[in-house]
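*Asks:* Mind having a look at this structure? Questions to follow.
Residue numbers (our numbering), protein chains in the order written: chain A, 42 to 155; chain B, 16 to 127.
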């Protein structure tokens with residue numbers, strides 16, 4: 042069964058450093074998402090991406106965050122200057138089209154900012 | 016503004032019995048409702064969905080019921096198995112493939 046692949050599985054970084062989280066969505070999917078889950082809290086929407094541009098973003102997704110699909114397969118989330126409160130599990134997800142499809146999630150990247 | 020709520024943080028049932036997980040929502044504009052299962056250290060896995068124009072959808076042991084007038088949905092698992100022990104999230108999404116809004120999750124424990 043096709044998978045969404047995320048790397049790395051765990052990233053530890055110092056506050057103020059830049060991190061790039063990587064995702065390879067399912068190849069024939071059209072809509073891509075980043076979500077995060079802070080320990081003990083709910084899964085929160087960050088950003089959606091369609092047709093090579095951001096289609097929607099949350100209040101969390103401020104100027105420190107950016108997304109790219111640089112080569113038609115990878116989908117990256119960059120945090121420019123990490124803060125302690127950015128520590129969370131970050132999940133990439135994709136769906137083939139509109140219409141109530143369930144997301145296929147990756148297994149996540151645990152980001153720890155120290 | 017918690018648009019999707021799961022009021023029970025945990026549920027424990029005996030193997031073979033029915034598990035009923037509940038979810039309430041406030042936004043009438045949602046078009047689809049979905050249930051996901053999540054094991055520790057893994058991403059959520061999609062289980063089953065229902066369109067807002069339906070009131071029931073069934074897939075094997077999993078059935079989702081939607082009561083639009085009450086803005087309430089539930090997931091029934093029959094019969095429950097120990098492997099069903101996980102955190103279950105309900106989520107709601109608009110047709111336009113925008114963001115899904117997730118509930119807080121309910122931890123289901125199925126005892127052998």
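A virtual CB, placed ideally from N, CA and C, is assigned to each residue, including glycine.
1) Evaluate residue 102 of chain B with the Cβ neighbour count: other Cβ atoms within 10 Å of its Cβ, from every protein chain shown; 16 or more gives buried, anything less gives exposed.
2) Strictly under 9 angstroms for the Cβ-Cβ distance: is residue 71 of chain B near chain A by that measure?
3) Check the DSSP bridge columns for residue 40 of chain B and list the partner residues they point to.
4) Counting only C-beta atoms, is residue 106 of chain A closer than 9 angstroms to chain B at any point?
5) Roughly how many angstroms separate the alpha carbons of residue 111 of chain A and residue 30 of chain B, rounded to a whole number?
6) Can you give me the start and stop residues for the beta strand (DSSP E) that residue 77 of chain A sits inside?
7) In the DSSP assignment, what are the bridge partners of residue 48 of chain A?
8) Quick one: residues in its chain with C-beta nearer than 6 angstroms to the C-beta of residue 117 of chain A, no 5 flanking neighbours on either side, listed in chain order?
9) Do we get a CB-CB distance below 9 angstroms when we pair residue 39 of chain B with the residues of chain A?
10) Compare the C-beta of residue 110 of chain B with all C-beta atoms of chain A and state if any pair is closer than 9 angstroms.
11) Check distances from the C-beta atoms of the segment 137-152 of chain A to those of chain B and list, in chain order, the residues that come in under 9 angstroms.
12) Just the chain A side, please: which residues come within less than 7 angstroms of residue 66 of chain B by C-beta, in chain order?
13) Starting from the C-beta of residue 117 of chain B, find all residues in its chain whose C-beta is less than 7 angstroms away, skip the five residues before and the five after it, and write them out in chain order.
14) Find the residues of chain B that neighbour residue 154 of chain A, judging by a C-beta separation of less than 8 angstroms, and give them in chain order.
15) So does the segment 133-150 of chain A actually touch the segment 45-54 of chain B, counting three or more Cβ pairs closer than 8 angstroms?
16) Can you grab the Cα-Cα spacing for the pair residue 126 of chain B / residue 97 of chain B, in whole Å?
17) Rounded C-beta distance between residue 36 of chain B and residue 65 of chain B? I'm assuming under 8 angstroms.
18) Can you check whether the CB of residue 86 of chain A is closer than 9 angstroms to the CB of residue 86 of chain B?
19) Which residue's Cα is closest to the Cα of residue 119 of chain A: A:73, A:69, A:58?
20) Is it buried or exposed, residue 134 of chain A, if we count other Cβ atoms within 10 angstroms and call 16 or more buried?
*Replies:* Based on what the coordinates show:
1) Within the second chain, numbered from 1, the residue matching residue 102 of chain B stands at position 87. Answer is buried; the Cβ neighbour count reaches 16.
2) Translated into positions along the second chain, residue 71 of chain B becomes position 56. Not one chain A Cβ lies under 9 angstroms of residue 71 of chain B.
3) Numbered from its first residue, the second chain carries residue 40 of chain B at position 25. Beta-bridge pairing links residue 40 of chain B to B:19.
4) Here residue 106 of chain A refers to the residue found at position 65 of the first chain. No - not a single Cβ of chain B is within 9 angstroms of the one on residue 106 of chain A.
5) Mapped onto the first chain, residue 111 of chain A falls at position 70. Mapped onto the second chain, residue 30 of chain B falls at position 15. If I take the Cα positions, the gap works out to 48 angstroms.
6) Your numbering for residue 77 of chain A matches position 36 in the first chain. Per DSSP, residue 77 of chain A belongs to the beta strand (DSSP E) from 72-78.
7) Position 7 of the first chain holds residue 48 of chain A. According to DSSP, residue 48 of chain A bridges with A:63.
8) For the purposes of this step, residue 117 of chain A is identified with residue 76 of the first chain, where counting begins at 1. Answer for residue 117 of chain A: 61, 63, 109, listed in chain order.
9) Residue numbering aside, residue 39 of chain B sits at position 24 when the second chain is read from its first letter. No, its Cβ sits nowhere closer than 9 angstroms to a Cβ of chain A.
10) Counting from one through the second chain, the residue named residue 110 of chain B turns up at place 95. Yes, its Cβ sits closer than 9 angstroms to a Cβ of chain A.
11) Those residues of the segment 137-152 of chain A that come within reach of chain B (Cβ to Cβ, closer than 9 angstroms) are 138, 139, 140, 141, 142, 143, 144, 145, 146, 147, 148, 149, 151.
12) Sequence index remark: in the second chain, residue 66 of chain B carries index 51 (1-based). Going along chain A in sequence order, the residues near residue 66 of chain B (Cβ under 7 angstroms) are 141.
13) Position 102 of the second chain, counted from the start, is the residue given in the question as residue 117 of chain B. Hits under 7 angstroms: 19, 104, 106.
14) Within the first chain, residue 154 of chain A is the residue found at index 113, counting from 1. Within chain B, no residue comes near residue 154 of chain A; the closest Cβ sits about 19 angstroms away, beyond 8 angstroms.
15) Yes: the two stretches touch, three or more of their Cβ pairs being nearer than 8 angstroms.
16) Against the second chain, residue 126 of chain B aligns to sequence position 111. Against the second chain, residue 97 of chain B aligns to sequence position 82. The straight-line gap from Cα to Cα measures roughly 6 angstroms.
17) For the purposes of this step, residue 36 of chain B is taken as the residue at position 21 of the second chain. For the purposes of this step, residue 65 of chain B is taken as the residue at position 50 of the second chain. In fact, because the Cβ distance is near 14 angstroms, the residues do not count as touching under 8 angstroms.
18) For the purposes of this step, residue 86 of chain B is identified with residue 71 of the second chain, where counting begins at 1. For the purposes of this step, residue 86 of chain A is identified with residue 45 of the first chain, where counting begins at 1. Contact flag unset, no.
19) Looking up residue 119 of chain A in the first chain gives position 78. Per the Cα distances, A:58.
20) Indexing the first chain from 1 puts residue 134 of chain A at position 93. By the neighbour-count rule (16 or more Cβ atoms within 10 Å), residue 134 of chain A is buried.
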